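Position 72 of the sequence shown, counted from 1, bears residue number 291 in the numbering used here, the numbering being contiguous throughout.
From the three backbone atoms N, C-alpha and C, an ideal C-beta is built for every residue, glycine too.
The structure presented is a predicted model; accordingly, all values stated were derived computationally and were not measured.
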Amino acid sequence: MLLRSYNSALSQASSAFTPIRPPATPLVVRSPYISTWLMADALPGNWPRFWNGNIKALTGIAHIDGSSYIFMGAPGNIGATQMMTQTNLTVTSTKSI
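Structure, rendered in structure tokens:
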């Protein structure tokens, strides 16, 4: 009886788990001197930053079917480009997807 109630409580506790969103997402982290983070919810339209908040002007632009799309960074006034829409973010202990 005791084991049954323990298993019931355990299954209820595990079903309520939702992963937390970290305050920053690691993008390029190699050493204390090479450390670039996303401190926003989406990569397109936001600059990656150093851990202390300084902007690292990394920009990613994809040219697809004759149109240019920005998938990383927030470059200004570079012509006819559109921002891609980020639909998901997964952060694990070893990588950001």
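query, result
"Proximal residues to Leu246 (C-beta, below 7 Å), its chain only, five neighbours per side dropped", "Thr255, Trp256, Leu257, Pro267, Ser315"
"Length of the line joining the Cα atoms of Gly272 and Ala261", "16 Å"
"Beta carbon of Ile289 nearer than 7 Å to that of Thr300", "yes"
"Where the beta strand (DSSP E) containing Gly279 begins and where it ends", "279-283"
"Per-residue DSSP class, three states only, for Ile316", "coil"
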